[in-house]
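Just so you know, we're using my numbering here: the sequence shown kicks off at 693 and counts up by one. Okay, so here's the structure we're looking at.
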Amino acid sequence: MATTSPRETYGVWALKPFGYERERHEDDPQDPHLLLYFRDPQNPRRAEFKYNVAINVKSKGFPSELVYAIQDPFDHKPTIKVLEELDLGFHAATGVPDTPTATSSLSLDYLRTPDLISITKTGKILPHDVPGPDNDLLDSLEPVIQAAIRNQSKMYIFGFRYRDGKGLHKVHMNQGSVGSFASQNAVGTDGAIIIHDESGWKAVFLAFASQKVPTDGIKGNPEPGAKSLEELI
């Protein structure tokens, strides 16, 4: 079982969202998030609690922008086949790759899962929150979240479960980081937001513009000569 700490487990949470909050620049200029709220049917005695998914919308490092990519429709059949079989609740990944040839049906890797995503080709670099329409990450992400809530969509969110078990974070690419964030690098533990409803499947992929590719197949650290996503997009 993959963990970044003794009780922080990687996997996918199948959920039905009922609301969200987003932090603008004036709310938190350093480390803002979009918080997606849901309840966990696996813990009916805790039904009064609001569980949440914390989605990064700005980096604490430099550059502060994120890379945003959306696939609509999302048609990665191996992933869809696995997700369709999941009940609501958190599902821990097993057999998370330690080598480039290993794989897990409940793990995603932007650089190694075949035909999943080419973040450098389809992603765009967006600031967190700037004046004007359709020019920042919140402008792109909020309509997707609003539609999922309005349509009562089922969402499958890949990331790391909180230590207290009441939510999920790190729903972005989790490899290729440098500096103080390098200790969080890993292979086969990337995040994603995948949505399914009557209109079909769509997926959102996020990364930090500072993250570098390619990465090694053992620890997810940047290879010698790797370039940042900011340089490549």
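Cβ coordinates follow ideal geometry from the N, Cα and C atoms, glycine included.
Contact under 8 Å by Cβ, residue i with residue j
i: Val896; j: Ala884; result: yes
i: Tyr760; j: Leu898; result: yes
i: Phe852; j: Leu758; result: no
i: Asp828; j: Phe850; result: no
i: Trp893; j: Phe754; result: no
i: Glu834; j: Arg714; result: yes
i: His820; j: His888; result: no
i: Pro700; j: Ile817; result: The sequence given here places Glu at residue 700; Pro does not occur at that position. Not closer than 8 Å, so no.
i: His768; j: Leu808; result: yes
Contacting residues, own chain, Cβ-Cβ under 6 Å from residue i (five flanking each side not counted)
i: Ser697; result: Because Ser697 carries a pLDDT of 46, less than 50, the predicted location of this residue cannot be relied on, and the following value inherits that uncertainty. Counting only Cβ-Cβ distances below 6 Å, and skipping sequence neighbours, we find nothing.
i: Lys742; result: Tyr729
i: Val704; result: His783, Leu798, Tyr848, Phe850
i: Ala794; result: Confidence is the limiting factor: at Ala794 the pLDDT is only 38, short of 50, which leaves the residue's position unreliable, though a coordinate-based value still follows. None.
i: Ser751; result: Phe900
i: Ser920; result: Ser902, Lys904
Beta-carbon contacts of residue i that lie in its chain and below 7 Å, excluding the five residues immediately before and after
i: Pro709; result: Leu728, Tyr729, Phe730, Ala840, Ile841, Met847
i: Lys862; result: Gly851, Phe852, Gly883
N- and C-terminal bounds of the alpha helix (DSSP H) containing residue i
i: Gln763; result: Where Gln763 is concerned, there is no enclosing alpha helix (DSSP H), although the beta strand (DSSP E) it sits in stretches over 758-763.
i: Thr814; result: 811-814
i: Arg842; result: 829-842
i: Ile772; result: 769-775
Residue i, enclosing beta strand (DSSP E) - first and last residue
i: Asp889; result: 884-889
i: Leu898; result: 892-900
i: Pro819; result: From DSSP, Pro819 is part of no beta strand (DSSP E); its letter is neither H nor E.
i: Glu915; result: 914-920
i: Ile925; result: Premise fails: Ile925 is in no beta strand (DSSP E) and is neither H nor E.
i: Leu808; result: Element bounds for Leu808: n/a, residue is neither H nor E.
Cβ-based neighbour list, residue i, same chain, cut-off 8 Å, excluding 5 preceding and 5 following
i: Asn877; result: Asn866, Gln867, Gly868, Ser869, Thr907, Lys911, Gly912, Asn913
i: Pro792; result: For Pro792, the predicted structure reports a pLDDT of 42, less than 50, and the residue's modelled location is therefore unreliable. A value from the coordinates is still provided. Excluding sequence neighbours, Pro792 sits near Arg804, Val879, Gly909.
i: Thr812; result: Val905, Leu921, Leu924, Ile925
Supposed close pair residue i, residue j - CB separation, criterion 8 Å
i: Leu780; j: Leu707; result: 6 Å
i: Val905; j: Leu803; result: 6 Å
* To do: With a floor of 3 residues, list each beta strand (DSSP E) that falls wholly inside the segment 840-880, ordered by position along the chain.
  => For the segment 840-880, whole beta strand (DSSP E) runs of length 3 or above, ordered along the chain, are 846-853, 859-861.
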